[in-house]
Amino acid sequence: MAPICSPACTFTASCLAIISLLSLNDHAESFSTPTNGCLQKTLPSRHHRHLGICTPLFSTSSAARDLLYQDQQNALLRRALHEQDLLSRNEQTSELVSPRLKIRPPKAGTGFGGGASTVDPAAGMAAARVKVLCDEGVVRIDNVLTASTADDLREYVLDQQRIALEETERDVSTSRTFYGVENRRKHRCDLQLSLLRGGFSALRAESSDDDDDVGASTFALADALQELLGEDGTLRHVYENLVTTGGELYELAAVITDPGSNRQTVHPDLPYQAKAPLYVIFLALQDVTEDMGPTSFLLRTHTSKANAIFTSGDMDKKDDQLLKSKCRLSTLKKGDCVLFDARILHCGNANDETNGGTRVLFNFSFRNPKVAGSLGYKGSIRPEYEGLLSLKDIGDAMSAYALGDENPFGKRK
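In structure tokens:
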């Protein structure tokens, strides 16, 4: 199918003229530039650019919208490359490493009856990691997922991506069900995962009234959640410390980038609030090399002072901030993760077209129950789970899974 506009097309209309054209269409797609640094477009069923699908009939306003979108994307890319140059000259840039934490042994006589304290070492380690997170805005935690489970989950995610592609090619109106805020970026997407055993295959069978068994012999997503957030999960104590068991599951997705994916602009994930509203996990399902576009984090930029500079509109101050911040590159080994405060400044780097490779990150987050109201950011999670699952719910489901329930989230379709 021919593209909307040939490469020879030029952006000759002014923004006011384009906005005027947009207003002529009752079903005009809306544009916004969310705080994640990516231009987001609300997609109607007839047009899904993530898959390169478009309608054969185009209105003037549709062409104008597409030109505006491309012009803004080009501007974002130019800014991203400028920021890359600044950070390359930042002498404080280095790899993000897991901190060496020493858990102090309990003092004699502090336990019940004057005996030794019964403080759980895992809880003590979690508290130490939370302190680093609160101070720096991000903390690396190694070996949170076993290599075999990471391999299984990666294979599962890529198979889910294949099914999502098939489904959205069949009906582009389902795009927002499968993909989140990264829906339109070239060679990059965030795939919103289903908690059903069989994932999208189970959903497809439901919609077609297919009685065939779609349950897989393994359930990679549940196995991963068990290792991470089950009763003895590697991240369980950390999240209980941060959000209590009442924290809302706000995101559940896989961030996938392929060679050729462009660099993001530096951004926080949401507008600044005094209390940290959201704590996010990026977990590597394969080794992440520098050529694969690891995420860069600017330490201690989750503060009101740093945010005031970043949002001041003074580009000289903003550039100076990038030059002087302590930048950390999250090159990770398979099974390692970064946990970050969503207010911190960060960006995904370019996945090199020649030397890069498909990078799959398991992505989930929990919301701080002490922060009420809108966060100004819609998390990447399937609509049927929005606002309905807490850390306690995940733990209860994992307990049921350990006791033999093969589809512990089956009632939450």
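Quick note on this note's numbering: the sequence shown kicks off at -16 and runs consecutively. Beta carbons: idealized from backbone N, C-alpha and C, even for Gly.
Every unbroken beta strand (DSSP E) within the segment 240 to 273, with a cutoff of 3 residues, ordered by chain: 261 to 267
Selected residue, minimal CA-CA separation from alanine 257, among Pro242, Ile239, Thr284: Thr284
Given 8 Å, three or more beta-carbon pairs between the segment 338 to 354 and the segment 296 to 305: Verdict: no, contact absent.
Cβ separation of leucine 266 and valine 127, assumed to be a contact under 8 Å, to the nearest whole Å: That pair is a contact at about 7 Å.
Aspartate 252 burial status per 10 Å Cβ neighbour count (16 or more: buried): With 16 or more other Cβ atoms from the protein chains shown falling within 10 Å of its own Cβ, aspartate 252 counts as buried.
Helix, strand or coil at glycine 359 [DSSP, three-state]: coil
CB-CB length for leucine 281 against lysine 309, believed under 8 Å: 7 Å
Residue range of the unbroken beta strand (DSSP E) whose run includes threonine 278: 278 to 281
Extent of the continuous beta strand (DSSP E) run through isoleucine 124: Per DSSP, the continuous beta strand (DSSP E) segment holding isoleucine 124 begins and ends at 121 to 124.
Where serine 373 falls, given that 16 or more other Cβ within 10 Å makes a residue buried: buried
Cβ contact check for the segment 168 to 182 and the segment 110 to 117: 3 or more pairs under 8 Å: no
Supposed close pair glutamine 143, phenylalanine 183 - CB separation, criterion 8 Å: 5 Å
Exposure of alanine 385, with buried meaning 16 or more beta-carbon neighbours within 10 Å: exposed
Arginine 171 versus glycine 229 - alpha carbon distance: Here the alpha carbons of glycine 229 and arginine 171 stand approximately 32 Å from one another.
Own chain, CB closer than 7 Å to threonine 248, minus 5 neighbours either side, in chain order: Within the same chain, Cβ atoms closer than 7 Å to the Cβ of threonine 248 are found at Gly20, Leu59, Arg62, Ala63, Glu66, Cys330, the five residues on either side in sequence being excluded.
For glycine 20, the three-state DSSP class (helix, strand or coil): Low per-residue confidence applies at glycine 20: pLDDT is 40, beneath 50, and the placement is therefore not dependable, though the value from the model is reported in the following sentence. Per DSSP, reduced to three states, the secondary structure at glycine 20 is coil, with no helix or strand assignment.
Beta-carbon proximity of arginine 275 to arginine 342, cut-off 7 Å: For the sequence presented, residue 275 should be read as methionine rather than arginine. Yes. Within cutoff.
Helix, strand or coil at alanine 237 according to DSSP, with G and I counted as helix: strand
C-alpha gap between threonine 76 and glutamate 389, whole angstroms: 46 Å
Length of the line joining the Cα atoms of valine 263 and phenylalanine 392: 22 Å
CB of alanine 109 within 7 Å of CB of valine 221, strictly: For alanine 109 and valine 221, yes; Cβs fall inside 7 Å.
Own chain partners of alanine 355 with C-beta closer than 7 Å, once the 5 adjacent residues on each side are dropped: none
C-alpha distance - arginine 350 paired with asparagine 332, whole-angstrom precision: 26 Å
Rounded Cβ spacing between valine 271 and leucine 218 (contact assumed at less than 8 Å): 18 Å between Cβ atoms; not a contact.
Rounded straight-line distance, which links the Cα of cysteine 320 to that of arginine 137: 14 Å
Neighbour-count burial assignment, valine 238, 16 or more Cβ in a 10 Å radius: When all chains shown are included, valine 238 counts as buried.
Status (buried if at least 16 other CB within 10 Å, exposed otherwise) for valine 164: Buried, by the Cβ-count rule.
Contact set for leucine 174: own chain, Cβ-Cβ below 7 Å, skip 5 residues either direction: Val140, Gln143, Gln144, Ala147, Phe161, Tyr162, Ala236, Ala237, Ile239
Valine 371 burial status per 10 Å Cβ neighbour count (16 or more: buried): Note that residue 371 is leucine in the sequence shown here, rather than valine. Leucine 371 is exposed by the Cβ-count criterion.
Same chain, Cβ closer than 7 Å to lysine 288, five either side skipped, listed in chain order: none
Same chain, Cβ closer than 8 Å to leucine 69, five either side skipped, listed in chain order: Asp302, Leu305, Leu306
Cutoff 6 Å; reference asparagine 73; Cβ partners in own chain excluding five residues on either side: Leu306, Cys310
Nearest neighbour of proline 352, chosen from Leu312, Leu261, Ile292 [CA to CA]: If we check each option's Cα against that of proline 352, Leu261 comes out closest.
Residue interval of the alpha helix (DSSP H) (run including valine 226): 219 to 226
Buried/exposed call for arginine 83, threshold 16 Cβ in 10 Å: exposed
When Leu204, Gln55, Asp118, Lys85 are compared against isoleucine 377, the one with the closest alpha-carbon: Leu204
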